[in-house]
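Participant:
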Amino acid sequence: MKTSRVKVQYAKTHLSALIASVQRGDEVVIARGDTPAARLVAVEPPAERELGFVAYAVPESFSDPLPEGELSAWEVGA
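According to the UniProt record's numbering, the stretch in the sequence shown is residues 1 to 78, in order.
(1) With 16 as the cutoff for other CB atoms within 10 Å, does L18 come out buried or exposed?
(2) What three-state label does DSSP hand L15 in the structure shown?
(3) Between the Cα of K2 and those of G52, F62, P67 and V41, spot the shortest distance and give me the residue it belongs to.
(4) Around the Cβ of V28, are there at least 16 other Cβ atoms within 10 angstroms (buried) or fewer (exposed)?
(5) As a quick exercise: from G33, Q23 and D26, pick the residue whose alpha carbon is nearest that of Y10.
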């Protein structure tokens, strides 16, 4: 990995080339004068999501009526 340091004006006029360089694995530091202001690095691709990773089985009793005590706790003004 190569690190390049460029000034803001250069970055503005050569942004496409700098992005191509970053996509090849390089890093670009953009400076205002002699002070580093930003770092241009490649974005990591999103990780593959595994289907069923957080699988949850809905219990058979899910749709059963709530017991009277619990039902009254959910009612407004109870």
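For every residue, glycine included, the Cβ atom is placed at its ideal position computed from N, Cα and C.
Facilitator: In brief:
(1) By one-based count along the sequence shown, residue 18 stands at place 18. Counting the other Cβ atoms within 10 Å of the Cβ of L18 gives 16 or more, which makes it buried.
(2) For the purposes of this step, residue 15 is taken as residue 15 along the sequence shown, with counting starting at 1. The answer is helix: DSSP assigns L15 an H, G or I state.
(3) Reading the sequence shown from its first residue, position 2 is the one you call residue 2. The option with the nearest alpha carbon to K2 is V41.
(4) Mapped onto the sequence shown, residue 28 falls at position 28. Buried, since its Cβ has 16 or more Cβ neighbours within 10 Å.
(5) Start at 1 with the first residue of the sequence shown, and residue 10 comes out as number 10. Here the closest residue by C-alpha is G33.
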